[in-house]
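To keep things clear, I will list the structure first and then write my remarks on it.
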Amino acid sequence: MSTTRSDLAELAGREYAYGFVSDIATDLAPKGLNEEVIRLISAKKDEPDWLVDWRLRAYRHWRTLSEPTWQNVAYGPIDYDEIIYYAAPKAKVAPGSLEEVDPELRAMFDKLGISLAEQERLSGVAVDAVVDSVSVATTFQARLAEAGVIFSSFSDAVRNHPDLVRAHLGSVVPYKDNFFAALNSAVFTDGSFCYVPAGVHCPMELSTYFRINSAGTGQFERTLIIAEAGAEVSYLEGCTAPMRDDNQLHAAVVELVAMDDARIKYSTVQNWYPGDADGRGGIYNFVTKRGRCAGARSKISWTQVETGSAITWKYPGVVLQGDDSVGEFYSVALSAAHQQADTGTKMIHIGKNTTSTIVSKAISAGHGQNTYRGLVKMLRSAEGARNHTRCDSLLIGPECGAHTFPYVEVKHSSAQVEHEATTSKVSDDQLFYARQRGIGEEEATSMIVNGFCREVFRKLPMEFAVEAQRLLSVSLEGAVG
Amino acid sequence: MLVIEGLHASIGDTEILSGLSLEVAAGEVHAVMGPNGSGKSTLAHVLAGRDPYRVTAGRVLYDGADLLAMTPEERAAAGVFLAFQHPIEIPGVANMYFLRTALNALRRARGLDEIGPVEFLKLADEKCRLVEMDRSLMDRSVNDGFSGGEKKRNEILQMLVLEPRLAILDETDSGLDIDALRVVAKGVTSLRSPGTAVVLITHHQRLLDHVVPDRVHVLAGGRIVRSGGPELAAELEAHGYADLEAMPAAGLSALIGPRR
């Protein structure tokens, strides 16, 4: 009568559309990590002494740390000496405009559905494209410059705006923060930098597109966004990688700084290669993301849609320092096939009357394991602070799992913390109801799951909400069972 | 249009339908009445293809085709509609979107062009008025937080939009006030046409005051024990199920239980 389980199992070998490898001449550092490699990276980028020193301090600190094991994910040991820490597409000359970008590179982005030229011309979204370790093209420079907005690769920012970088680098995520943040600080190769001056509303969406292309490399990018008083900016990142049987490490750091009345909205659509149906290969996505609401009435909002990676492990958080500042976290995390996710947020309330909202939607299908882990901390100074947390888990099929670990620490008696959590299944009743109305099983599942995520999708910029819905449907293909 | 021959169906090890036979021709409205536990809802679910029910013997032909061999969505595409006794809630999925998706899925399956959002809006508005349903319910999640009466109106709305050829209403009248009952009757009446058949599964006679059926059947102990014209419903109303002849002895105690 209905599709049999073996048919479904067959369907579960879902297609990953971005798994191709582009043949681009690449400049690689030797495998493994030591002070020589760090000096090499720094030299290749022609960095000032203070930055080399900072990297080396981070490296020396990293050497004293051991990899954390508290997270609810399982993976084999990572051999840090087998990783290549620097891979860059070989450019004959640094591109001065889009026309000068390597045609192979441009073809790769076309294939990913991100035509840099089109993006520049049509969509009104400024794009920074990062391949392996370096930024290859940043669009819309001129229009942004008119508004006074700086949006460039991290390397360019170090060259052109060293004081800004130096003042803020590590100010939100110090290199001592954790094992992977220390590693990133030692070896980060590029990323995006954005500075929005006081009172300026960035005239367009900013977007960075991350791509891992080379084998055996790690990607360690660093993003720094600064919004001065009254500034506003909306930023989106997208991520893909080729299909490979080895696991690849992605350990990024993102730092956001919002001054008085500033607003930063940071959205992520993460679709790194998740590994094959048997759990072979895929990206380890171990990322540290944090925003600091430094000014009064400032607001930082994280929205993430995590459908890729073999393992996703990250907690985009907000430090609510300024009085009346606002932190938000909206998340959809999908774990299908053999994917594992341990993700959530940290809201640290320091200022008076600070508020935070957490909405987490976790979907588990196949053998996927999904963990929400969140910390809400209200310090002694956080008079009148409020938090509302809502964690919903949706299970599809009998072999997946959902776990919730909320941590709450409150040091001020006037603080209010609310936590709601639900776990539900895509019920046979719902599926049958939709099918009786003529809607096929997969379309019905996708509809029900999208309904479950709607609250979060509504927070994404329009065109990316559509993309996120599509991605979710593709990722769920064959997950019904 | 619908021919059921000697149908046996079980859930787990319990047989619920025990040799049920019934024929419904196009253009007809049939009422299937019977006490609780007689197998009325099982019949509805088996016809729609609900999973845990197992058919152990007999067959069901729909326009000559083997209905039981089709998936639920194939049955829907062929024109079979079930109005649920307990409509299902789908949080986060807008009622309007759900119904348009369903209509377009049916249209695709039938080789027709899809209907765009604007055109669909007109259609939905028109049908909303017909079933006297608050238009704002179209923008809410499917059945989520609807009252009992609103859910039933929504079922009738879906039925009118999807225009089935065989509509099965599973106790759609139960628990409704008189206004809602009138709406259900109006819906069935407007669906009534030479090419359409309706099976009204009901516990009470009162819906049949508003929709006069062509045939009335009494289901007891998993079989049709008596069939007749509309007068049979009136007879049941006057004397209750206990007065019937040819009742299986085992079903008796269930039959004379309290009526709702």
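Residue numbers (our numbering), protein chains in the order written: chain A, 1 to 481; chain B, 482 to 741.
Yeah, the Cβ is synthetic: ideal placement off N, Cα and C, and Gly gets one too.
Interface residues of chain B around residue i at Cβ under 8 angstroms?
i         : result
A/Phe-452 : Pro-572, Gly-573
A/Glu-443 : Thr-582, Ala-586
Within a Cβ cutoff of 8 angstroms, which residues of the same chain sit near residue i, ignoring the five residues on either side of it in sequence?
i         : result
A/Gly-124 : Any reading at A/Gly-124 needs caution, since the residue's pLDDT is 46, under 50, leaving its predicted position unreliable; the model's value is listed next. Closer than 8 angstroms at the Cβ level, and outside the excluded window around A/Gly-124, lie Met-204, Glu-205.
B/Ser-655 : Gln-566, Thr-683, His-684, His-685, Arg-741
B/Pro-598 : Arg-581
A/Ser-381 : Ile-350, Gly-351, Lys-352, His-412
Nearest by alpha-carbon distance to residue i: which of the options is it?
i         : options                                    : result
B/Glu-631 : B/Arg-707, B/Ile-569, B/Thr-523, B/Ser-499 : B/Ile-569
B/Glu-613 : B/Thr-495, B/Glu-712, B/Gly-702, B/Asp-660 : B/Asp-660
B/Leu-563 : B/Val-669, B/Val-706, B/Glu-607            : B/Val-669
A/Tyr-175 : A/Phe-188, A/Thr-445, A/Trp-313            : A/Phe-188
A/Val-165 : A/Ala-142, A/Ser-192, A/Arg-297            : A/Ser-192
B/Gly-493 : B/Pro-533, B/Leu-593, B/Ser-499            : B/Pro-533
B/Arg-591 : B/Leu-713, B/Glu-555, B/Met-619, B/Asp-606 : B/Glu-555
B/Ala-715 : B/Ala-546, B/Arg-696, B/Val-706            : B/Arg-696
A/Gln-436 : B/Ala-490, B/Gly-560, B/Ala-678            : B/Gly-560
For residue i, which residues of its own chain have a beta-carbon under 6 angstroms away from its beta-carbon, when the five flanking residues on both sides are left out?
i         : result
A/Lys-377 : Ile-348, Glu-409
A/Gly-291 : Leu-256, Ile-300, Val-318
A/Thr-355 : Val-326, Arg-386
B/Phe-601 : Arg-581
A/Glu-232 : His-201, Arg-263
A/Ser-331 : Gln-304, Ser-360
A/Asp-260 : Ala-229, Gly-295, Ala-296
A/Ala-341 : Thr-312, Ala-333, Ser-335, Asn-370
A/Tyr-372 : Gly-344, Ser-360, Ala-362, Cys-391, Thr-404
A/Asn-285 : His-250, Trp-272, Ser-309, Thr-312
B/Val-484 : Glu-504, Leu-542
A/Thr-422 : Asp-392
A/Val-149 : Val-196, Cys-202
Ignore the nearest five residues each way along the sequence and tell me which others in residue i's own chain have a CB closer than 7 angstroms to its CB.
i         : result
B/Val-623 : Glu-570, Ile-571, Val-574, Asn-576, Phe-579
B/Asn-585 : Glu-595, Ile-596
Which of the three DSSP states is assigned to residue i in this structure?
i         : result
B/Asn-585 : helix
A/Ser-331 : strand
A/Lys-314 : strand
A/Ala-468 : helix
A/Asp-278 : coil
A/Ser-155 : helix
A/Phe-452 : helix
A/Tyr-433 : helix
B/Leu-483 : strand
B/Ala-557 : helix
A/Ser-298 : coil
B/Asn-576 : helix
Starting from residue i and walking both ways along the alpha helix (DSSP H), at which residues does that stretch end?
i         : result
A/Glu-187 : The sequence shown places Val at residue 187 of chain A, rather than the Glu named in the question. Looking at the DSSP string, the run of the alpha helix (DSSP H) that includes A/Val-187 is 179-187.
A/Ile-41  : 35-44
B/Leu-717 : 711-720
B/Glu-636 : 629-643
B/Phe-601 : 598-611
B/Lys-667 : 659-672
List the residues of chain A that residue i touches, going by C-beta distances under 7 angstroms, in chain order.
i         : result
B/Glu-554 : Arg-435, Gly-438, Ile-439, Gly-440
B/Ala-529 : Gln-436
B/Phe-601 : Here the premise fails: no neighbours, minimum Cβ distance about 14 angstroms.
B/Leu-762 : Coverage of chain B is limited to positions 482 through 741, which leaves residue 762 of chain B absent and any answer about it impossible.
So with CB distances below 7 angstroms, who are the chain B contacts of residue i?
i         : result
A/Arg-448 : In the sequence under discussion, the amino acid at residue 448 of chain A is Ile, which differs from the Arg named in the question. Within 7 angstroms Cβ-Cβ: Ile-571, Val-574.
A/Gln-469 : Residues of chain B passing the Cβ test: none, with the nearest at roughly 12 angstroms.
A/Asp-428 : Asp-532
List, in order along the chain, the chain A residues whose C-beta lies closer than 8 angstroms to that of residue i?
i         : result
B/Asp-620 : Under the 8 angstroms cutoff, chain A gives no residues; its nearest Cβ is about 13 angstroms from B/Asp-620.
B/Leu-643 : Arg-437, Gly-438
B/Ala-590 : Gly-438
Just to confirm the assignment, what range does the beta strand (DSSP E) spanning residue i have?
i         : result
A/Ile-363 : 355-365
B/Ala-678 : 678-683
A/Glu-420 : 416-425
A/Trp-62  : Note, A/Trp-62: premise wrong, no beta strand (DSSP E); alpha helix (DSSP H) at 49-63.
A/Glu-402 : The sequence shown places Ala at residue 402 of chain A, not Glu. Counting along the chain, the beta strand (DSSP E) containing A/Ala-402 begins and ends at 401-410.
A/Ala-227 : 222-227
B/Asp-651 : 647-651
B/Thr-523 : Counting along the chain, B/Thr-523 falls outside any beta strand (DSSP E), though it belongs to the alpha helix (DSSP H) covering 521-529.
A/Asp-163 : Here A/Asp-163 belongs to no beta strand (DSSP E); instead the alpha helix (DSSP H) covers 162-168.
A/Arg-263 : 263-270
In chain E, which residues lie with their C-beta within 7 angstroms of the C-beta of residue i?
i         : result
B/Ala-648 : The structure shown contains no chain E; its protein chains are A and B.
Applying a beta-carbon distance threshold of less than 9 angstroms, which residues of chain A neighbour residue i?
i         : result
B/Gln-639 : Arg-437
B/Phe-627 : Residues of chain A passing the Cβ test: none, with the nearest at roughly 14 angstroms.
B/Ala-557 : Arg-435, Gln-436, Arg-437, Gly-438, Ile-439
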